[in-house]
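Undergrad: Line order of the protein sequences matches chains A and B. For the first sequence, my numbering puts the final residue at 241, and the numbers step up evenly by one. For the second sequence, my numbering puts the final residue at 612, and the numbers step up evenly by one.
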Amino acid sequence: MIFALELNDIRFAYPGGSEMIFDLSVPAGEIVGLLGASGSGKSTLLHLVAGFEEPQSGMIRIAGDDVTRLDPARRAVSMVFQENNLFHHLSVADNVGLGRSPSLRLTEADRADISKALADVGLAGKEDRRPDALSGGERQRAALARALVRRHPLLLLDEPFASLGPALRTEMVELVRSLQTRTGMTIVFVTHAPEDARALADRIIFLEDGRIAADGPVETFYGPDAPAEFTAYVGRSPFV
Amino acid sequence: MTAPSRATLPGTAALAILAIIVGGAFAGLIAEGARDLPSAFAAFDPYLLRIARFTLWQALLSTVVSVLPAIFVARALSRRPDFPGRRLLLALFAVPLALPAIVAALGVLALLGRAGLVAEPLTALTGARWQGIYGLSGILIAHAFFNLPLATRLLLAALDTVPNDRWRLASQLGFSPWATFRIVEWPVLRAALPSVAGLVFMLCVTSFTIVLILGGGPRATTLEVAIYQALRFDFAPARAVALVAVQIALTLAIVLVLKRAGADLAPDANIGMTARRPSLRGWRAKIADALPILAAMLFVVAPMAAIVIAGLRADLARLAADPAVHAATVTSLKLAALAACFTLALAFCLVRARQRLEARRSGRSPGLLERAMDTGAGFVLVIPPIVVGAGWFILLRHTGNVLNYAAPMVVAVNAVMALPFALRILRPAHDAAAARYDRLSVSLGMSTLDRLRFIDWPLLRRPLATAFAFAMALSLGDLGVIALFGSDAVQTLPYLLLSRMGAYRTEDAAGIALFLALLTLILMLASEWAGRKQA
């Protein structure tokens with residue numbers, strides 16, 4: 002079986018830091034929530050997949066292709082960060098257009114795709130706005146629109162809702178879910194909020210000290226048989 | 078406005094002392110101008126106009142040759158966060174700013190002068206006798222030696238403010254180097270450029286020593302050098318008044334224009350390096366980055382090496398036994414230490430009083446006194462020491478031998494010159510300590526003396542040491558005021574250096590320059606070291 006994402010015995014350490022080991026595979030179309038305390042390696046895992054960090058050993062495959070030594074630009078992934086996804090001196094449409102062409106040489110068809118992607122995330126008619134004129138939630142929507150026009154099968158989200166209020170988070174979770182249903186993308190997202198993970202993920206991977214401490218379907222994590230490490234991290238969750 | 082209370086009295090007194098030092102100079106200038114109005118007006122002749130034009134022209138060119146290359150060097154350094162020796166190179170780039178201007182000018186001459194290190198090879202290469210760089214080209218090279226590394230560090234700091242996720246995004250979207258420059262790097266560079274170029278331009282407009290030594294004759298003279306010549310050689314106070322008036326008008330105009338353009342002229346002594354930008358791959362990009370970095374390194378290292386080589390060629394044993402060198406060393410250290418103490422006293426009083434006023438108004442907008450202690454004190458930076466010195470020189474000449482005032486003038490003016498830097502270093506530490514312990518010390522009923530002993534001294538010891546060493550180094554290397562007031566009776570090391578150069582004792586000058594460079598570097602390192610420990 003070809004997985005959308007595979008990490009085979011990936012070993013990585015920051016200068017002076019302790020070694021992290023990641024071993025996992027994600028089938029196509031799955032939504033995986035990465036949870037864990039600060040410093041447990043959640044963001045590092047995403048950075049390794051995107052190619053911002055290079056592992057000391059091991060292999061990373063995306064849709065079956067070995068990408069371990071490839072430049073970030075040559076990997077079939079898109080990423081949305083917590084902040085700083087948009088360039089403030091460029092319009093919303095240009096920011097999304099960068100996903101199609103880094104030099105902004107766009108065809109008519111490209112422009113139509115950009116408008117459609119913006120409509121898909123609920124930003125129709127805001128093409129010419131500057132990012133400063135958008136709310137925090139709208140900026141994250143624009144970043145998602147860019148991921149849509151890139152048409153990569155794998156989407157990485159690094160705490161994409163962390164700076165949003167509760168109502169906006171719920172909206173964004175629903176938006177990501179519906180985009181996934183429409184496109185069939187595989188999504189790996191990092192979050193600090195167990196309720197976001199419960200609402201969005203099909204599967205939870207819980208990290209501790211650079212290792213995968215627990216891995217399973219979301220129902221297990223929020224049910225009576227939740228892994229002990231996870232319960233200790235969440236505390237007495239209102240969901241259990 | 079509230080009357081000065083016990084808590085703000087020392088600060089108000091410090092402000093008054095500042096006003097006397099700067100105001101006295103202006104009083105001297107205005108009195109002289111009023112006394113001999115026709116002469117002062119007559120001094121506004123085509124010659125003065127030409128000097129003013131040259132002052133601006135050389136500053137503009139110096140800014141271009143310093144800042145433009147700095148953009149490429151900073152970008153190359155930013156693209157290579159992890160090449161070996163990067164930290165060392167950045168430390169090296171901080172050295173020119175720590176060197177006295179007279180030493181740097183000598184280094185440029187030792188390298189590129191008529192008898193410089195490259196004179197022989199260049200003569201052999203071109204077939205024509207190497208004439209040495211004097212005049213505009215010499216001034217530009219020396220200014221670039223100071224300001225290219227400064228501009229590089231400031232622009233690199235601006236590039237380091239780009240959030241790491243931006244670099245990651247750029248690499249994921251597959252930006253070409255050109256697209257990265259246009260979309261990510263240029264916006265932050267453009268935002269920083271008015272400040273950086275403004276600071277460099279300002280430093281070059283008010284640069285005295287470089288122009289004095291490397292500028293030659295009436296064709297390459299700036300206002301500050303002309304002020305000095307009018308007072309020391311021609312003894313034409315009316316002309317000096319006219320020159321000072323133009324210099325002040327120019328500086329003020331420039332400051333206003335730059336403020337309009339959004340420039341922040343306050344200097345920053347230290348810069349942090351934090352970015353974790355992904356390094357670029359590929360040998361082509363490597364070469365494209367190595368070239369500007371190596372070129373800048375060569376440009377900065379060569380004059381420094383020339384200072385060392387020329388200095389070691391001097392008869393150091395004889396210099397070490399020279400009573401004039403001994404006397405100048407003792408005088409220099411004494412005056413610099415006094416100036417540094419004076420700076421610290423002024424700075425501490427101002428910082429304390431400003432913080433008191435801010436705490437007392439609790440959220441309302443600051444009063445006149447507080448603002449005077451805040452931006453007003455920093456403003457003295459744009460008043461060149463030569464101008465203050467010239468004002469007092471003209472005022473004091475009626476009291477007999479003006480050169481008798483050399484020591485107090487050097488101490489006072491150099492102290493004021495170092496004040497903005499000392500404020501920058503002291504204020505954050507002081508205000509942080511106050512925010513933390515003010516209420517506690519009041520509730521414990523601690524007296525002012527108890528506070529000084531148990532709170533201020535332990536917490537501010539290191540910032541005070543940093544500021545002291547910095548102020549002392551600055552004062553030690555200054556040639557501005559002593560050039561006006563110096564004589565055989567009171568000589569500092571820079572003054573001795575200048576007179577040995579004037580007497581064509583080049584080897585002696587090189588030896589003294591090396592010694593002076595070592596002294597200031599030791600002080601700067603001490604300042605750095607004290608500053609690092611507190612962090």
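Just so you know, even glycine gets a beta-carbon here, dropped at the ideal spot from N, CA and C.
Taking any Cβ of chain A, which residues in the stretch 220 to 245 of chain B have a Cβ under 8 Å from it, in chain order?
TA: Residues P240, D242, R243 and R245.
Undergrad: Quick check: what's the CA-CA separation for A613 (chain B) versus A603 (chain B)?
TA: Residue 613 (chain B) lies beyond the stretch modelled for chain B, which goes from 78 to 612, so this question has no answer here.
Undergrad: Compare the beta carbon distance of L135 (chain A) and V174 (chain A) with 8 Å and say whether it is the shorter of the two.
TA: No, the pair does not count as a contact, with Cβ atoms beyond the cut-off.
Undergrad: In chain A, which residues lie less than 7 Å from A256 (chain B) when you measure between Cβ atoms?
TA: P103 and S104
Undergrad: With DSSP as the reference, label A214 (chain A) as helix, strand or coil.
TA: strand
Undergrad: DSSP three-state call for M60 (chain A): helix, strand or coil?
TA: strand
Undergrad: Going along chain B in order, which residues have a C-beta closer than 9 Å to the C-beta of A51 (chain A)?
TA: R245, S248 and Q249
Undergrad: If contacts are defined as beta-carbon pairs under 8 Å, then T408 (chain B) and V567 (chain B) qualify, I think. What distance do you get, rounded to the angstrom?
TA: 6 Å
Undergrad: Go ahead and pull the three-state DSSP assignment for T351 (chain B).
TA: Unreliable positioning characterises T351 (chain B) in this predicted model, as indicated by a pLDDT of 47, which lies under 50. The coordinate reading is nonetheless provided below. T351 (chain B): coil per DSSP, three-state reduction.
Undergrad: Quick check on this structure: which residue in B:L246, B:A379 and B:I471 has the alpha carbon closest to the alpha carbon of P103 (chain A)?
TA: When C-alpha distances from P103 (chain A) are compared across B:L246, B:A379 and B:I471, the shortest belongs to B:L246.
Undergrad: What is the residue span of the beta strand (DSSP E) that E209 (chain A) lies within?
TA: R204 to E209
Undergrad: Looking at C-alpha atoms only, which residue of B:G190, B:A365 and B:I148 is the closest neighbour of E262 (chain B)?
TA: B:I148
Undergrad: Taking Cβ positions, are S552 (chain B) and A417 (chain B) nearer each other than 8 Å?
TA: yes
Undergrad: Would P264 (chain B) count as contacting chain A if we go by Cβ distances under 8 Å?
TA: Closer than 8 Å to some Cβ of chain A, the Cβ of P264 (chain B) qualifies, so yes.
Undergrad: Can you give me the C-alpha to C-alpha distance between T283 (chain B) and L167 (chain B), rounded to a whole angstrom?
TA: 26 Å
Undergrad: Run through chain B and tell me which residues come within less than 9 Å of A64 (chain A), C-beta to C-beta.
TA: Within 9 Å Cβ-Cβ: nothing; A64 (chain A) doesn't reach chain B, min ~17 Å.
Undergrad: Mind listing which residues of the stretch 89 to 101 of chain A have their C-beta closer than 8 Å to chain B's C-betas, in chain order?
TA: H89, H90, L91, L99 and G100
Undergrad: Can you check which of these residues, A:A51, A:E20, A:L46 and A:G37, is closest to L249 (chain B) by C-alpha distance?
TA: Looking at the sequence provided, one finds Gln at residue 249 (chain B) rather than Leu. Of A:A51, A:E20, A:L46 and A:G37, the residue nearest in Cα terms is A:A51.
Undergrad: Under the assumption that R539 (chain B) contacts A607 (chain B) (Cβ atoms under 8 Å), give the Cβ distance between them as a whole number of angstroms.
TA: The beta-carbon separation of R539 (chain B) and A607 (chain B), rounded to 5 Å, stays under the 8 Å limit for a contact.
Undergrad: Along chain B, which residues have their Cβ under 8 Å away from the Cβ of M80 (chain A)?
TA: R245, L246 and Q249
Undergrad: Give the DSSP-derived three-state secondary structure of S19 (chain A) in the structure shown.
TA: coil
Undergrad: For S253 (chain B), go through chain A and note every residue whose CB falls closer than 9 Å to its CB, in chain order.
TA: Neighbours of S253 (chain B) in chain A, taken as residues whose beta carbon is under 9 Å from its own, are P103 and S104 in chain order.
Undergrad: Report yes or no: is there a C-beta of chain A within less than 8 Å of the C-beta of I260 (chain B)?
TA: yes
Undergrad: Does the beta-carbon of W134 (chain B) have 16 or more other beta-carbons within 10 angstroms, so that it is buried, or is it exposed?
TA: By the beta-carbon neighbour count (other beta carbons within 10 angstroms, threshold 16), W134 (chain B) is exposed.
Undergrad: Could you check what DSSP says for G34 (chain A) in three-state terms: helix, strand or coil?
TA: strand
Undergrad: Short of 6 Å in beta carbon distance, which residues of its chain neighbour F223 (chain B), apart from the five on each side in sequence? Order them along the chain.
TA: P173
Undergrad: Give the DSSP-derived three-state secondary structure of N9 (chain A) in the structure shown.
TA: The answer is strand: DSSP assigns N9 (chain A) an E or B state.
Undergrad: DSSP three-state call for S116 (chain B): helix, strand or coil?
TA: helix
Undergrad: What residue from B:L270, B:G162 and B:V490 has the CA that sits closest to I370 (chain B)'s CA?
TA: B:G162
Undergrad: Put S520 (chain B) into one of helix, strand or coil per three-state DSSP.
TA: helix
Undergrad: When the distance is taken between beta carbons, is W207 (chain B) closer than 8 Å to A221 (chain B)?
TA: no
Undergrad: In angstroms, rounded to a whole number, what distance separates the CA positions of I348 (chain B) and Q83 (chain A)?
TA: Unreliable positioning characterises I348 (chain B) in this predicted model, as indicated by a pLDDT of 42, which lies under 50. The coordinate reading is nonetheless provided below. For I348 (chain B) and Q83 (chain A), the distance between alpha carbons rounds to 27 Å.
Undergrad: Around the Cβ of H153 (chain A), are there at least 16 other Cβ atoms within 10 angstroms (buried) or fewer (exposed)?
TA: Answer is buried; the Cβ neighbour count reaches 16.
Undergrad: Determine the extent of the beta strand (DSSP E) in which L155 (chain A) is found, giving its start and end residues.
TA: L155 (chain A) -> beta strand (DSSP E) spans L155 to D159.
Undergrad: Could you pull the DSSP bridge partners for S136 (chain A) from this structure?
TA: Partner(s): none; S136 (chain A) has no beta bridge.
Undergrad: Beta-carbon of P73 (chain A) versus every beta-carbon of chain B: anything under 8 Å?
TA: yes
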